[in-house]
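Student: Have a look at the structure that comes next, please.
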Amino acid sequence: MTAPGPPVLAATVTARQRLALGVGSEIGFHTAGHRYVPGSALRGALAAVWITEHGPPGRGNPKTDEFRTLFDGAIRYGNLLPAGSHRTPLSVFQCKYSPEPTCAETVVDRAFETGDHCPGCGQRLEQSRGNLDTPGGLTRITRTSIDPATGRAKDGELYANAALPAGTTLTGRIHGHHPWLTQPRTLWLGGRRTVGGQADLTTTVYRLAAPAPPAPGQPLVVRLTSPAVFVDLAGRPRLTPEPTLDLIPGATLLPETWTRAITWSGWHAASRLPKPAELCATAGSTYRIAGDPEILATLATRLLRDGIGLRRSEGFGDVTIATQPWRPTAAAGKKDDGLDPLSKLHKELLDIGLDDAAWRWLIGVLRALQVEHHRTGAVPADLLMDLLKQPTAADLSGRQRDQLRQTLDGLTPATLRDLTTLVLTTPAADRQRAAQRTAR
Ligand SMILES: [Zn+2]
Numbered sequence: 000m001t002a003p004g005p006p007v008l009a010a011t012v013t014a015r016q017r018l019a020l021g022v023g024s025e026i027g028f029h030t031a032g033h034r035y036v037p038g039s040a041l042r043g044a045l046a047a048v049w050i051t052e053h054g055p056p057g058r059g060n061p062k063t064d065e066f067r068t069l070f071d072g073a074i075r076y077g078n079l080l081p082a083g084s085h086r087t088p089l090s091v092f093q094c095k096y097s098p099e100p101t102c103a104e105t106v107v108d109r110a111f112e113t114g115d116h117c118p119g120c121g122q123r124l125e126q127s128r129g130n131l132d133t134p135g136g137l138t139r140i141t142r143t144s145i146d147p148a149t150g151r152a153k154d155g156e157l158y159a160n161a162a163l164p165a166g167t168t169l170t171g172r173i174h175g176h177h178p179w180l181t182q183p184r185t186l187w188l189g190g191r192r193t194v195g196g197q198a199d200l201t202t203t204v205y206r207l208a209a210p211a212p213p214a215p216g217q218p219l220v221v222r223l224t225s226p227a228v229f230v231d232l233a234g235r236p237r238l239t240p241e242p243t244l245d246l247i248p249g250a251t252l253l254p255e256t257w258t259r260a261i262t263w264s265g266w267h268a269a270s271r272l273p274k275p276a277e278l279c280a281t282a283g284s285t286y287r288i289a290g291d292p293e294i295l296a297t298l299a300t301r302l303l304r305d306g307i308g309l310r311r312s313e314g315f316g317d318v319t320i321a322t323q324p325w326r327p328t329a330a331a332g333k334k335d336d337g338l339d340p341l342s343k344l345h346k347e348l349l350d351i352g353l354d355d356a357a358w359r360w361l362i363g364v365l366r367a368l369q370v371e372h373h374r375t376g377a378v379p380a381d382l383l384m385d386l387l388k389q390p391t392a393a394d395l396s397g398r399q400r401d402q403l404r405q406t407l408d409g410l411t412p413a414t415l416r417d418l419t420t421l422v423l424t425t426p427a428a429d430r431q432r433a434a435q436r437t438a439r
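Now the structure itself:
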């Protein structure tokens with residue numbers, strides 16, 4: 000029923016050195032309270048690698064067209080988020096008082112549900128701020144170039160106010176596909192080489208599952224997964240999509256929206272002067288769009304492929320389509336995912352008897368599923384089906400495919416994360432022994 004969606008690359012970056020996230024040069028931005036690698040930084044770091052390989056683009060460089068296609072065309076570089084991080088959308092209201100056990104479980108996603116007060120304690124629910132929660136591991140660094148009087152960088156110097164430790168894994172998406180992007184690369188992210196930033200990038204191609212259209216009469220729920228730059232017809236900033244510029248005829252933005260303004264400033268590399276701050280709608284902003292189901296399905300496909308608003312190639316305006324109310328994932332289900340069920344799943348995977356190439360492919364599949372979960376808060380079953388149909392999965396037997404589907408279908412995000420870790424760290428000898436057992 001679902002047509003294949005646009006091709007995307009699941010990007011996994013592992014920091015070899017500390018990654019300084021914060022104010023940077025041309026490849027970094029300062030956003031208080033948002034700790035991640037912006038898509039612009041990934042794009043800049045990859046462009047630097049390309050130039051190292053092929054020389055600067057321009058007249059006389061026969062590969063200039065490739066550079067333009069990669070970095071100046073339709074390919075969009077999404078943000079890289081620390082693995083295990085999650086963002087609560089702004090349409091989510093929760094009980095912050097928590098005197099009763101019911102309080103912690105009270106979650107109302109107003110994009111889908113109603114409710115103002117906590118059934119446990121009767122207090123008014125509070126709106127999420129859309130902040131990114133990262134699981135531990137953020138190191139604070141103060142560089143001497145910060146002027147203590149203003150808290151700002153002196154003379155356009157680089158500084159960093161937060162860093163992720165070496166070994167941190169970040170995941171994200173590159174929208175679009177190009178063979179150059181499918182090779183593993185070593186990158187420098189988030190600052191000068193002297194302050195760290197070395198990281199390894201791997202990518203896996205997959206196709207996004209086409210978004211399920213809302214039922215007749217239901218609105219399309221769109222959430223920002225990165226800040227978005229919206230303007231009105233006169234070019235003035237706004238915090239909601241502008242119907243003429245950002246939507247399609249027949250689609251109407253419903254008046255109740257959940258958004259918050261942030262300012263986003265970067266440094267202009269050439270002049271070493273700050274760029275004017277851009278007013279953005281923060282990631283986690285949520286909008287509902289009404290219209291006929293076919294129009295909404297067309298719009299959903301376009302938004303997933305192209306993003307929304309201005310400066311999209313730099314990682315602004317990345318969206319996801321929500322089909323159900325948001326629910327917390329981190330704490331839920333931990334008790335049920337003890338070591339034994341997890342080991343059982345791991346053994347099931349081993350017993351499928353995958354060879355080296357298929358095992359590497361499996362790692363890519365698990366990462367793609369994780370990226371999808373980080374982005375949308377859910378692991379769509381369609382995506383697993385699409386991954387199993389990939390050309391690289393062609394060497395699997397029908398039995399292996401069925402077993403993979405049975406093992407991987409319907410995993411909770413926590414289990415998926417832990418299982419990925421187990422798969423990544425499986426010694427080759429264990430795998431070969433299992434393959435021999437299976438062959439007998
Ligand atoms: Zn309560």
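So the sequence shown is numbered by numbering that gives the first Met the number 0: it starts at 0 and just counts up by one. Each residue gets a CB set at the ideal place from its N, CA and C atoms; glycine is no exception. Quick caveat: nothing in here was measured; it's all calculated off a predicted structure.
1) Below 8 Å, is the gap between the Cβ of C94 and the nearest heavy atom of ligand 1?
2) Flag this pair as touching only if the segment 106-113 and the segment 200-207 have three or more C-beta atom pairs under 8 Å; answer yes or no.
3) Give me the residue from P56, G57, R75 with the minimum Cα distance to S39.
4) Is it right to say G171 is buried, meaning 16 or more other beta carbons lie within 10 angstroms of its own, or is it exposed?
5) Residues bridged to E125 by DSSP?
6) Three Cβ pairs or more, each shorter than 8 Å: is that satisfied between the segment 92-102 and the segment 274-290?
7) Relative to the C-alpha of E125, which residue among L131, L403, A103 is closest?
8) Going by Cα to Cα distance, which pick from L348, G290, T256 is closest to G216?
9) Three-state secondary structure (DSSP) at F315?
10) Are there 16 or more other CB atoms within 10 angstroms of the CB of A227, so buried, or fewer, so exposed?
11) Can you say whether T51 is buried or exposed, counting buried as having 16 or more other CB atoms within 10 angstroms of its CB?
12) Identify the continuous beta strand (DSSP E) that holds P197 and give its terminal residues.
13) With respect to the beta strand (DSSP E) encompassing H174, which residues constitute its N-terminal and C-terminal limits?
14) Have a look at H373 and A211 and give me their C-alpha separation to the nearest angstrom.
15) R475 to E277, Cα distance in whole Å?
16) Look up R17 in the DSSP assignment and say whether it is helix, strand or coil.
17) What's the gap between the Cα of R58 and the Cα of A392?
18) From L157 to P81, what does the alpha carbon distance come to, in whole angstroms?
19) Please find out if some non-hydrogen atom of ligand 1 comes closer than 8 Å to the beta-carbon of Q122.
20) Establish whether the CB of L344 and some CB of chain C are separated by less than 9 Å.
21) Going by DSSP, what residue range makes up the alpha helix (DSSP H) through W187?
22) Taking the C-alpha atoms as reference points, what is the distance between E99 and A427?
23) Buried or exposed for L244, please, with buried defined as at least 16 other CB atoms from any protein chain shown within 10 angstroms of its CB.
24) Counting along the chain, where does the beta strand (DSSP E) carrying A103 start and finish?
25) Rank T181, T262, L349, K343 by C-alpha distance to the C-alpha of A434 and give the top, closest one.
26) Between T167, V36, K62, which lies nearest to T420 when the distance is taken from Cα to Cα?
27) Could you check whether R222 and P88 sit closer than 9 Å to each other, using their CB atoms as the reference points?
Tutor: According to the data block:
1) yes
2) no
3) The closest CA to that of S39, considering only P56, G57, R75, is found on R75.
4) buried
5) Q93
6) In short, these stretches do not touch, since the Cβ pair count stays below three.
7) A103
8) G290
9) coil
10) buried
11) exposed
12) First, the residue type needs correcting, since residue 197 is Gln and not Pro in the sequence shown. Run containing Q197: 197-208, per the beta strand (DSSP E) assignment.
13) 168-174
14) 19 Å
15) Since the first residue shown for the chain is 0 and the last is 439, residue 475 is missing from the structure and cannot be characterised.
16) coil
17) 41 Å
18) Per-residue confidence for L157 stands at a pLDDT of 37, beneath the threshold of 50, marking its modelled position as unreliable; the derived number appears in the next sentence. Answer to the nearest angstrom: the Cα atoms are 22 Å apart.
19) yes
20) Checking the listed chains, one finds no chain C in this structure; it contains a single protein chain.
21) Looking at the DSSP string, W187 is not in any alpha helix (DSSP H); the run it does join, the beta strand (DSSP E), is 184-187.
22) 49 Å
23) Around the beta carbon of L244, fewer than 16 other beta carbons sit within 10 angstroms, so the residue counts as exposed.
24) Careful: A103 lies outside any beta strand (DSSP E), inside the alpha helix (DSSP H) at 100-104.
25) The closest CA to that of A434, considering only T181, T262, L349, K343, is found on L349.
26) Among T167, V36, K62, the Cα nearest to that of T420 is on T167.
27) yes
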